[in-house]
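Quick note: to get the numbering used here, add 1 to the position in the sequence shown (first position is 1). In this text, a Cβ means the ideal position worked out from N, Cα and C, and glycines have one as well. A short write-up of the structure that comes next.
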Amino acid sequence: MTRYRVSHETRYHYEGEVALGYNRAVLRPRTTTGQRVLAHDLRIDPTPAFRNEHLDLFGNTVTVFSVETPHRTLVVHAVSEVDVRPEDAQLDLAGLARWEDAVTAARQLGDVGRAFSLDSPLVGTDEAFAAYAAPSFPAGRPLYDAVADLTRRIFEDFTYLPGSTTLSTPPLEVLHSRTGVCQDFAHVEIACLRSLGLAARYTSGYLETSPPVAAPRLVGADASHAWCSVLLPDRTWIDLDPTNGLIEPVTHVTVGWGRDYADVAPLSGVIFAAGVASELVVSVDVQQVDPPGAAVISPGT
């Protein structure tokens, strides 16, 4: 088991005065079978006039708030401590089942789960994705082997290049250009899996900023990270990180999951101001801490 302390600060600087802002934040890590949240504090400056926390359709913790005093800077700072432990490997009868069996399982999901196999706002299915995925999915191949091969191919075929895409760049464009960032590669793999009829979800979270000396530093550790998961026939999920070519990564900190980035964007919202330009600065730091000496975080208000 490894304990991590996560600091995620988002700072907006506005050139003019903002009269009113409505925001949605997904910054509290999830409690899962492989992860336990010990503490979480979310601080917002200026102090919101309204703030509410609820679970969304997918079980993510969402904080909505409004800042109703004139301001030129907005700071949203989340600090969390989580214990992460490797889950038992999924390479059991479900992982060894044919990938076609997972397609059948996806068709039998309820309304919420079914959303993971359909087109979503940022990820659409297309014959081009099915064609790219096809070499990894010959008839009868075990699902685990098939998704491991697809993840490896995306890792090898695509180039991580910050600034080459934006939040609105379609996955089909990324497939053709073969460049992007972690969000893009997760969207591409999801599109490939859904185009074959499989259920796949998008996951937002973090990587360790400075790993131990013997461990490699993973791509995407300087900001929030993104990966994806595919549904097994027994309705459990395998995590896939195409940015780093990893299957079932054991050190990732999970914040939330949904159909695509839009469901779990760390911070989104609207402001009311007249032609005000803004500058965004995001700072993320994820460090291992010693459980016996771990600092206690006071709960936020």
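Self-check item: Three or more C-beta pairs below 8 Å linking the stretch 252 to 260 and the stretch 191 to 208
Solution: yes
Self-check item: Environment of residue 51 [buried if 16+ CB atoms lie within 10 Å]
Solution: Here residue 51 refers to the residue found at position 50 of the sequence shown. Classification for residue 51: exposed.
Exercise. Take the Cβ of residue 46 as the centre, count every other Cβ of all protein chains shown within 10 Å, and call the residue buried at 16 or more, exposed below.
Key: Within the sequence shown, residue 46 is the residue found at index 45, counting from 1. Per the 10 Å Cβ criterion, exposed.
Quiz item: So, residue 285 versus residue 198, is the Cβ gap smaller than 7 Å?
Solution: For the purposes of this step, residue 285 is taken as the residue at position 284 of the sequence shown. For the purposes of this step, residue 198 is taken as the residue at position 197 of the sequence shown. No, they are not a contact pair.
Exercise. Identify every residue that forms a DSSP beta bridge with residue 242.
Key: Numbered from its first residue, the sequence shown carries residue 242 at position 241. Its beta-bridge partners are 247.
Quiz item: Cβ atoms of residue 287 and residue 7: under 7 Å apart, would you say?
Solution: Against the sequence shown, residue 7 aligns to sequence position 6. Against the sequence shown, residue 287 aligns to sequence position 286. Result yes, Cβ atoms of residue 7 and residue 287 sit closer than 7 Å.
Self-check item: Neighbour flag for residue 266 against chain D, beta carbons, 7 Å
Solution: Checking the listed chains, one finds no chain D in this structure; it contains a single protein chain.
Quiz item: Going by DSSP, what residues sit across from residue 76 in a beta bridge?
Solution: In the sequence shown, the residue the question calls residue 76 occupies position 75. Answer is 12, 46.
Exercise. Can you say whether residue 209 is buried or exposed, counting buried as having 16 or more other CB atoms within 10 angstroms of its CB?
Key: Within the sequence shown, numbered from 1, the residue matching residue 209 stands at position 208. Residue 209 is buried by the Cβ-count criterion.
Self-check item: 7 Å Cβ cutoff met for residue 30 and residue 83
Solution: In the sequence shown, residue 30 corresponds to position 29, counting from 1. In the sequence shown, residue 83 corresponds to position 82, counting from 1. For residue 30 and residue 83, yes; Cβs fall inside 7 Å.
Practice problem: For the beta strand (DSSP E) holding residue 175, just list the boundary residues, first then last. | Solution: Locating residue 175 in the sequence shown gives position 174, where the first residue counts as 1. Looking at the DSSP string, residue 175 is not in any beta strand (DSSP E); the run it does join, the alpha helix (DSSP H), is 172 to 178.
Practice problem: Find out if the Cβ-Cβ distance for the pair residue 193, residue 273 is shorter than 7 Å. | Solution: Looking up residue 193 in the sequence shown gives position 192. Looking up residue 273 in the sequence shown gives position 272. No, they are not a contact pair.
Quiz item: Thinking just about the alpha-carbon of each residue, which of 67, 191, 150, 97 is nearest to the one in residue 125?
Solution: In the sequence shown, the residue the question calls residue 125 occupies position 124. It is 191.
Quiz item: Under 7 Å, do residue 306 and residue 153 count as touching if we go by C-beta distance?
Solution: The question about residue 306 has no answer here: the residues shown for the chain are numbered 2 through 302.
Quiz item: Leaving out five residues before and five after residue 149 in sequence, what residues of the same chain have Cβ atoms less than 6 Å from its Cβ?
Solution: Position 148 of the sequence shown holds residue 149. Excluding residues within five positions, the ones whose Cβ falls inside 6 Å are 248.
Exercise. Can you grab the Cα-Cα spacing for the pair residue 195 / residue 53, in whole Å?
Key: Locating residue 195 in the sequence shown gives position 194, where the first residue counts as 1. Locating residue 53 in the sequence shown gives position 52, where the first residue counts as 1. Using only the alpha carbons, I get a separation of about 34 Å.
Quiz prompt | Secondary structure, alpha helix (DSSP H): runs of 4+ residues fully inside the stretch 121 to 187 | solution = 128 to 134, 144 to 158, 172 to 178
Practice problem: Would you mind giving the Cβ-Cβ distance between residue 63 and residue 55, rounded to the nearest angstrom? I have them listed as a contact below 8 Å. | Solution: Stepping through the sequence shown from its first residue, residue 63 is reached at position 62. Stepping through the sequence shown from its first residue, residue 55 is reached at position 54. The pair is a contact, with the Cβ atoms about 6 Å apart (cut-off 8 Å).
Practice problem: Could you give the DSSP three-state label for residue 117: helix, strand or coil? | Solution: In the sequence shown, residue 117 corresponds to position 116, counting from 1. Residue 117: helix per DSSP, three-state reduction.
Quiz item: Are residue 158 and residue 179 closer than 7 Å when you measure CB to CB?
Solution: In the sequence shown, counting from the first residue as 1, residue 158 sits at position 157. In the sequence shown, counting from the first residue as 1, residue 179 sits at position 178. Yes, they are a contact pair.
Quiz item: By the 10 Å Cβ neighbour count, where 16 or more other Cβ atoms means buried, how is residue 4 classified, buried or exposed?
Solution: Working through the sequence shown from its first residue, we reach residue 4 at position 3. Per the 10 Å Cβ criterion, buried.
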